[in-house]
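**Q**
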Amino acid sequence: MKVPVLIPNIFNHPFTYDSNSLNLNKGDYVVVPFGSTKVTGIVWDSFEESKKEFKIKKIEKKLKVPKMKKNMIDFLNWFSIYNVVPLGMCSRLTLLSKNIVENISDNSFDQYFATKKSISYILNTEQKKCLSEIKREGKNFNVHVLDGVTGSGKTLVYFNRLLEIINDGFQGLIMLPEIGLTTQFKKKFINFFGFEPAIWHSGISKKDKKIIWRGVVENKIKVVIGARSSLFLPFSKLGIIIVDEEHDASYKQDEGIYYNARDMAVTRGFFEKIPVNLITSIPSVETFNNIIEKKYSTSKLKKRYKDAALPKLEVINLNNKKISAHNWIADETIKKVNYHLEKKDQVLFFLNRRGFSPFVICKKCYNKFLCPNCSVSLNYHKNKNSLMCHYCGYKNNLKRICKDKKSCEFIMCGPGVERIAEELKKKYPERKIQIFSSDTLKKKKTQEDLIKKIEDKKIDILVGTQLISKGFHFAKLNCIVVVDADFSSHGYDLRSAEKNIQLYHQLSGRAGREGSSSTIYFQTYTPNDEILLNISKKDPHKFLMKEIQLRKQNKLPPFYRFISIIISGKGEKQTIIEAQKVKNLVSNYINEEILGPVNAPIFKLKQKYRCRLLLRSPKKIMIQKKLVKVLAKIKVIPGIKLTVDVDPISFN
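Take the sequence shown: its letters are residues 6 to 657, numbered as in this note's numbering.
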């Protein structure tokens, strides 16, 4: 008997095999010969379309693991079409290094069953109302947005809903936008539920991944807290998907297989016939529009938990405030910070730039140090005494010979978090100062130690990047200084205003969470900037309403669909020529508007030159189906790569 088997590779169809008299059903995991190797495949729901006669190989064996469910197969079929990704590569997302876990000892799951002492939390009136509204939507597919100001106790609301669902025998998935959030979040989870969740992201060990994969397949793990990739775990009895910080751009996967995990979570919920809860303090424009159009229901938490006040916002106009030579923090700002330190408040200086300085120039030869692989400046990291590219990871030392045969004399242009920390250490030599960024939190143990020190008030001043704005709860943090509040809006990023407003509302929400008075100070040379004015307003939803009207007028998402086609190659001229060829061919088959080709804003990235086409079509048209057929006709020359990004977030 012929059987279709999907192989985890670049092909967009299953392969046909002989069942070898095995009793097989859709979703069964099997081992099959493929070329000169043996691979794990999945018995699929449709055959390869081919008019050619070919020899059929036999399936070698059926693996002892519960089969992939039909709704997961349906989801992957849809995911492939929507995101223009080969079906085989979609199946790869659900496996572990192209394999599955067949045998594992029962005691591997003990840590997820261990009952610990839980803490009883009492919901306030507003939280109870929101929980009731979420429950009213039922256990079938629906999308409900829990929209609450930062510190309003949104987590407690959805924890209560999740508890009811797992008590009914179902599993739950909580998605977080950043790996760094899992440490503090896990502690909060255990306090509430009394057992450990499974943590899933790229940083966990192969051993833990095997345990979790098998645990969700057998319904032995009840809750997974994970990053984007957790969405593709083959849950046995998934009952709810919760997407925390749904507005966060980190849910967009923009390497390898491109997709938006928030949007795909909604789609998986549809195929699983289960509720999806989106949690946010300021909805994304797409989510806000879906609320307006009544596609999503919503609940609102307007007050902070225990009636804690939101921080006051104060602008420090640098046009008339003194800054000492070679410094980046105004004297006026230091006075404000001193007031908070005397009250024993913790202080955060926020600057969304890693390293010491984003640009390095020689003042003798005017040489600006650029990455040899990317068309971007190298960042200087003083802690490592090296120049570094934040795109490809290239590193080099600072030693350079100038045109006069002597060493270059460097000018460090602009500050990064290391430079601000150095300035603060000079001003506050007796204070404990710590940098909070992805550079300092790479190791799990380091991350846990730092968070505990902050919680135990063993750190006075933090200097952090946007990582600290996402969901952390530090009780004594009551003063935030935004070092550089001059919002340079990039012309190629249509979402820059939306991202900034979401970021700074999230950031302000880190302050005053325990009820103490708190303030966020914005240092700026442009106090009348529209984005800053929008941040200072108490109702960001007015901005969202205005943004929706602008997007509609200008035929932008969410009213129109953008599909970015990126052509990349090692040769600059050849890449540009091939991009024009691709446009000409696509234009012959698709009548929708095609913009470009243009050089990408970062033209060279990881030694590849990049050109972009942008396909724009009305949202109601599923243009991807046409595009897949057209792209199948395109034969790019060796050395040229064509990548498709549906619903792009960034246009770098």
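The C-beta atom is built at its ideal place from N, Cα and C for all residues, glycine as well.
Looking at the structure shown, is Lys121 part of a helix, part of a strand, or coil, going by DSSP?
**A** Here residue 121 corresponds to residue number 116 of the sequence shown, with the count starting at 1. Lys121 falls in the coil class under three-state DSSP.
**Q** According to the Cβ coordinates, are Lys103 and Thr45 closer than 9 Å?
**A** As a working mapping, residue 103 is identified with position 98 in the sequence shown. As a working mapping, residue 45 is identified with position 40 in the sequence shown. A contact, by the Cβ cut-off of 9 Å.
**Q** Could you give the distance in angstroms between the alpha-carbon of Ala270 and the alpha-carbon of Val635?
**A** Translated into the one-based positions of the sequence shown, residue 270 becomes position 265. Translated into the one-based positions of the sequence shown, residue 635 becomes position 630. Taking the straight line joining both Cα atoms gives about 28 Å.
**Q** Within a Cβ cutoff of 8 Å, which residues of the same chain sit near Ile184, ignoring the five residues on either side of it in sequence?
**A** Position 179 of the sequence shown, counting from 1, holds the residue named residue 184. The answer, listed in chain order, is His206, Ser207, Gly208, Ala232.
**Q** Between the beta-carbon of Lys387 and the beta-carbon of Glu427, is there less than 9 Å?
**A** Here the question's residue 387 lines up with position 382 in the sequence shown. Here the question's residue 427 lines up with position 422 in the sequence shown. Cβ distance < 9 Å, so Lys387 and Glu427 count as in contact.
**Q** Counting only runs of 4+ residues fully inside the region 510 to 543, write out the alpha helix (DSSP H) ranges in chain order.
**A** Within the region 510 to 543, the complete alpha helix (DSSP H) runs of at least 4 residues are 535 to 541.
**Q** Would DSSP call Met180 helix, strand or coil?
**A** Looking up residue 180 in the sequence shown gives position 175. Here Met180 sits in strand by DSSP.
**Q** Quick one: is Pro434 buried, meaning 16 or more other Cβ sit within 10 Å of its Cβ, or exposed?
**A** Here the question's residue 434 lines up with position 429 in the sequence shown. Exposed, by the Cβ-count rule.
**Q** Applying the 10 Å Cβ sphere with the 16-neighbour rule, what's the burial state of Ala335?
**A** Indexing the sequence shown from 1 puts residue 335 at position 330. By the 10 Å Cβ count, Ala335 comes out buried.
**Q** Evaluate contact between the region 167 to 186 and the region 232 to 251, counting only Cβ atoms and requiring at least three cross-stretch pairs below 8 Å.
**A** The region 167 to 186, when compared against the region 232 to 251, does touch it at the 8 Å Cβ threshold.
**Q** Alpha carbon to alpha carbon, what distance is there between Val10 and Gln116?
**A** Translated into the one-based positions of the sequence shown, residue 116 becomes position 111. Translated into the one-based positions of the sequence shown, residue 10 becomes position 5. The straight-line gap from Cα to Cα measures roughly 35 Å.
**Q** Buried or exposed, going by whether 16 or more other CB atoms sit within 10 Å of the CB of Gly644?
**A** For the purposes of this step, residue 644 is taken as the residue at position 639 of the sequence shown. Flag for Gly644 reads exposed.
**Q** Between which two residues does the beta strand (DSSP E) containing Ala203 stretch?
**A** Locating residue 203 in the sequence shown gives position 198, counting from the first residue. Note, Ala203: beta strand (DSSP E), 203 to 205.
**Q** Assuming Gln452 and Thr188 form a contact by the criterion Cβ under 8 Å, report the distance between their Cβ atoms to the nearest whole angstrom.
**A** For the purposes of this step, residue 452 is identified with residue 447 of the sequence shown, where counting begins at 1. For the purposes of this step, residue 188 is identified with residue 183 of the sequence shown, where counting begins at 1. Contact flag correct, Cβ pair sits at about 6 Å.
**Q** Let's see if you can read the secondary structure: which residues bound the alpha helix (DSSP H) around Gly574?
**A** Here residue 574 refers to the residue found at position 569 when the sequence shown is read from its first residue. Element bounds for Gly574: not the alpha helix (DSSP H) but the beta strand (DSSP E), 565 to 574.
**Q** Considering only the alpha carbon of each residue, which of Pro239, Thr160, His331, Ile230 lies closest to Glu223?
**A** Within the sequence shown, residue 223 is the residue found at index 218, counting from 1. The shortest C-alpha separation from Glu223 is found at Pro239.
**Q** Assuming Phe699 and Gly419 are in contact, meaning their beta carbons sit under 8 Å apart, how far apart are those beta carbons, in whole angstroms?
**A** Residue 699 lies beyond the stretch modelled for the chain, which goes from 6 to 657, so this question has no answer here.
**Q** So, at 6 Å on beta carbons, what are the nonlocal neighbours of Ile464 in its own chain, with the 5 sequence-adjacent residues on each side left out?
**A** Along the sequence shown, read from residue 1 onward, the residue named residue 464 stands at position 459. Excluding sequence neighbours, Ile464 sits near Lys437, Gln439, Lys458.
**Q** Answer yes or no: do Leu429 and Val468 have a C-beta to C-beta separation smaller than 9 Å?
**A** Here residue 429 refers to the residue found at position 424 when the sequence shown is read from its first residue. Here residue 468 refers to the residue found at position 463 when the sequence shown is read from its first residue. Going by C-beta atoms, Leu429 is nearer than 9 Å to Val468.
**Q** Measuring only the C-alpha atoms, how far is Lys31 from Ile47?
**A** Along the sequence shown, one-based indexing puts residue 31 at 26. Along the sequence shown, one-based indexing puts residue 47 at 42. Looking at the two C-alpha atoms, the distance is approximately 8 Å.
**Q** State buried or exposed for Ser494, treating a residue as buried only when at least 16 other CB atoms are found within 10 Å of its CB.
**A** Position 489 of the sequence shown, counting from 1, holds the residue named residue 494. Note that Ser494 scores a pLDDT of 48, beneath 50, so its modelled location is shaky; the value from the coordinates is reported in the next line. That one is exposed.
**Q** Let's see if you can read the secondary structure: which residues bound the alpha helix (DSSP H) around His386?
**A** Indexing the sequence shown from 1 puts residue 386 at position 381. Where His386 is concerned, there is no enclosing alpha helix (DSSP H), although the beta strand (DSSP E) it sits in stretches over 384 to 386.
**Q** Ordered along the chain, which non-local residues of its own chain (more than five positions away) have a Cβ less than 6 Å from that of Pro316?
**A** Working through the sequence shown from its first residue, we reach residue 316 at position 311. Ser513, Ala516, Gly517, Ser523, Thr524, Ile525.
**Q** Report yes or no: do the region 281 to 288 and the region 156 to 173 share at least 3 C-beta pairs separated by less than 8 Å?
**A** With a cut-off of 8 Å, the region 156 to 173 and the region 281 to 288 count as touching, because enough Cβ pairs lie within range.
**Q** Report yes if the CB atom of Tyr87 is closer than 9 Å to the CB atom of Thr272, and no otherwise.
**A** Residue numbering aside, residue 87 sits at position 82 when the sequence shown is read from its first letter. Residue numbering aside, residue 272 sits at position 267 when the sequence shown is read from its first letter. Taking 9 Å as the Cβ cut-off, Tyr87 and Thr272 qualify as a contacting pair.
**Q** His149 by DSSP, collapsed to three states: which one?
**A** Walking along the sequence shown from the start, residue 149 turns up at place 144. It is a strand residue.
**Q** Work out the CA separation of Leu356 and Leu619 for me, nearest whole Å.
**A** In the sequence shown, residue 619 corresponds to position 614, counting from 1. In the sequence shown, residue 356 corresponds to position 351, counting from 1. Roughly 32 Å between the two C-alpha positions.
**Q** To the nearest angstrom, report how far apart Ile366 and His395 are at their CA atoms.
**A** Along the sequence shown, one-based indexing puts residue 366 at 361. Along the sequence shown, one-based indexing puts residue 395 at 390. Approximately 18 Å between the Cα atoms of the pair.
**Q** Starting from Tyr163, trace the alpha helix (DSSP H) both ways and give me its first and last residue.
**A** Counted from its first residue, the sequence shown places residue 163 at position 158. Run containing Tyr163: 159 to 172, per the alpha helix (DSSP H) assignment.
**Q** Going by C-alpha to C-alpha distance, which of Phe237, Phe59, Lys369 sits closest to Lys411?
**A** If you number the sequence shown from 1, residue 411 lands on position 406. Comparing Cα positions, the closest option is Lys369.
**Q** Going by Cα to Cα distance, which pick from Lys57, Glu260, Pro91, Ile195 is closest to Lys676?
**A** Given a span of 6 to 657 for the chain in the structure shown, any question on residue 676 remains unanswerable.
**Q** Mapping DSSP to helix, strand and coil, what is Ser362?
**A** Working through the sequence shown from its first residue, we reach residue 362 at position 357. If DSSP states are grouped into helix, strand and coil, Ser362 belongs with the strands.
**Q** Could you check how far apart the C-beta atoms of Phe275 and Phe146 are, in whole angstroms? I think they sit under 8 Å.
**A** What you label residue 275 is simply residue 270 of the sequence shown in a count that begins at 1. What you label residue 146 is simply residue 141 of the sequence shown in a count that begins at 1. With a Cβ gap of about 5 Å, Phe275 and Phe146 count as contacting.
**Q** Only counting the same chain, and skipping five residues up and downstream in sequence, which positions put a Cβ closer than 7 Å to that of Gly496?
**A** Taking the sequence shown and counting its residues from 1, the one referred to as residue 496 is at position 491. With a pLDDT of only 47 at Gly496, under the threshold of 50, the placement of this residue in the model should not be trusted; the figure read from the coordinates follows. Here the set comprises nothing.
**Q** With a CB to CB cut of under 7 Å and the five nearest residues on each side skipped, what residues in its chain are close to Lys630?
**A** The residue you call residue 630 lines up with position 625 of the sequence shown. So the list reads Ile86, once near-sequence residues are dropped.
**Q** Going by DSSP, what residue range makes up the alpha helix (DSSP H) through Ile247?
**A** Indexing the sequence shown from 1 puts residue 247 at position 242. Counting along the chain, Ile247 falls outside any alpha helix (DSSP H), though it belongs to the beta strand (DSSP E) covering 243 to 248.
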